[in-house]
Amino acid sequence: MDLFDSLPAAAPRAPAPLADRMRPRRLDEVVGQPQLTDAGRPLRRALEEGALHSMILWGPPGTGKTTLARLLADVAGARFVPFSAVTSGVKEIRQVMAEAEAEGMRLGRRTILFVDEIHRFNKAQQDAFLPYVEKGTIILIGATTENPSFEVNGALLSRARVYVLRPLGEADLVAILERALRDGERGLGGLGATAEPEAVALIARLSDGDARTALNVLELAVTGPGAHVTEAAVRDAVQKKALLYDKSGEQHYNLISALHKSLRDSDPDGALYWLGRMLEAGEDPLYVARRLVRFASEDVGNADPAALRLTLDAKDAYHFLGTPEGELALAQAVCYLALAPKSNAVYAAWNAVHHDIQEHPAEPVPLHLRNAPTGLMANLGYGRGYQYAHDAPDAQVSQDHLPDALRGRAYYRPTTRGAEKEIAERLAKWRAWREKQKPA
């Protein structure tokens, strides 16, 4: 059999979603990843030469990481074992490794262990793979949406090659959707469904590079045999999909909202309770850690600059310790944030800046602030009149630093709470001094 001939596969069951039915069965069916699947590329060459190795597949959701891993196992004739980083620990790793060793000894068949969301394993769990990867007991394929340089430990990363899956472009998604409409065996071709080109393009545009999302929307838009998909049908399908997502995800958003509002209202008891509820419900602790880092900047800000450092330390501590020990670091950060003085002055200033950039997107840099590396630029007035702050008393200068159209804007308005009180006093003095320097 040619390496890339169709692989034998059981006919999909009717209830299977379109996205599952349309999973590529050959490498040549994979869309949007030519850097991996084209002839002569390193991954395909390794497969053709029988030199498949451990790897990390890094890319956004819906780009085909799981599908690619299954195809590699099929083409290599290896046993494929999916392994969840969410529900498994070191004990389960050792059990799977024992089975892989037995399979290799009994049948001489290699095992590909596919670890989805490998970034959710802590260091100790990731280290458990090392001896088996080194001995060749398994070929490890890890999938992650996070940068493996930060989320996969160095020892494991040094024994695996990282392959980057690119976000699918709109043209890639259009090709996938059109294939699904034509395919009479796995797709919608047997229904005689058709779609306006504009409708297909709209699905591609709204799917944000995610093939699974695109196929789910198409399936919702095809209402029955002979259906003709219009742009209106697509928009209706997108609304249905959003409603379904809201039903399944409402608790997630309610819990994070309760945590955020308890922190903002300086209630450590409520904040700890909602943190516990989220973690007990199976929320990714690193997602919670990211929200705490955001809160430190958005709702505490310069009223307590130490809050940002503390939340980053809590994230690192959780990453180092894992569950359950690392959860205590998140609880510590929650207590600190709840009792820290609050300020959204930086957040408000940043929003005001974005608003002005939208309204004035191309304001020129004032001449005195421009760099003048050449004589021509100096002759044109670049840098002329610039006041060097360190040469001035108290390192204060009166020159303007905003474009002419925005002169006089005051974006940052610090509160008088916490450490920001001193900042507010210093800024008020500086602004008053600058006003006095203006010509009468």
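Letter 108 of the sequence shown, counting from 1, is numbered 109 in my numbering, and no numbers are missing. For each residue, glycine too, the CB sits at the ideal point set by N, CA and C.
Item	Value
Just confirm the distance between the C-beta atoms of Leu407 and Asp357, as a whole number of angstroms; I'd bet it's less than 8 Å.	6 Å
Could you compute how far the alpha carbon of Leu53 sits from the alpha carbon of Ala161?	11 Å
Which residue marks the beginning of the alpha helix (DSSP H) containing Gly271, and which one marks its end?	Pro269 to Glu281
CA-CA distance, Lys248 and Gly210?	Residue placement at Lys248 is poorly supported in this model, since its pLDDT is 36, which falls under 50; the coordinates still yield a value, given next. Going from the Cα of Lys248 to the Cα of Gly210 covers about 23 Å.
On the CB-based measure, 16 or more other CB atoms within 10 Å of its CB, does Tyr389 come out buried or exposed?	exposed
Can you list, in chain order, the residues of its chain with a C-beta nearer than 6 Å to that of Lys316? Leave out the 5 residues immediately preceding and following it.	Ala290
Are Asn303 and Ala420 close, meaning C-beta to C-beta below 8 Å?	yes
Taking Leu174 and Ala205 to be in contact with their CB atoms under 8 Å, please state how far apart those CB atoms are, rounded to whole angstroms.	4 Å
Using three-state DSSP, classify Phe130 as helix, strand or coil.	coil
Can you tell me whether Thr214 is helix, strand or coil according to DSSP?	helix
Which class does His361 belong to by DSSP, given the choice of helix, strand or coil?	coil
Tell me the DSSP secondary structure of Pro83 in three-state form.	strand
Write down the C-beta distance between Ala194 and Val223 rounded to the nearest angstrom, noting that I regard them as a contact closer than 8 Å.	5 Å
Give a yes or no on whether the C-beta atoms belonging to Ile142 and Tyr133 are separated by under 8 Å.	no
How is the alpha helix (DSSP H) around Met106 delimited, first residue to last?	Val91 to Leu108
So Arg213 and Gly60 are in contact, right, with Cβ under 8 Å, and what is the actual spacing, rounded?	Actually they do not touch by this definition, with Cβ atoms about 13 Å apart.
May I ask you to report which of helix, strand or coil DSSP gives His369?	helix
Got a sec? Which residues, its chain only, sit under 6 Å from Ala238 by beta carbon, not counting five neighbours each side?	Val218, Leu221 and Ala222
If you draw a straight line from the C-alpha of Lys422 to the C-alpha of Ser344, how long is it?	10 Å
The beta strand (DSSP E) with Asp117 in it runs from where to where?	Thr112 to Asp117
Residues in the same chain with beta-carbon distance under 7 Å from His369, minus the five sequence neighbours each way, listed in chain order, please.	Gly384, Arg385, Gly386, Tyr387 and Gln400
Whether or not the stretch 102 to 113 and the stretch 16 to 31 are in contact is what I'm after, with contact meaning three or more pairs of Cβ atoms, one per stretch, closer than 8 Å; do they touch?	no
When you compare only the Cα positions, how much space is there between Ala425 and His391?	22 Å
Can you look up Val32 in the DSSP assignment and give me helix, strand or coil?	coil
With which residues is Val163 paired in a DSSP beta bridge?	Ile57
Going by DSSP, what residue range makes up the beta strand (DSSP E) through Gly143?	Ile139 to Thr145
Using a Cβ-Cβ cut-off of 7 Å (strictly less than) and excluding sequence neighbours within five positions of Pro226, which residues of its own chain qualify?	Leu192 and Gly193
Between the C-alpha atoms of Lys136 and Leu216, what's the straight-line distance to the nearest angstrom?	40 Å
What is the C-beta distance between Thr416 and Ala346, in whole angstroms, given that I count them as a contact (C-beta under 8 Å)?	6 Å
Just grab the DSSP bridge partners of Val230 for me.	Ala196
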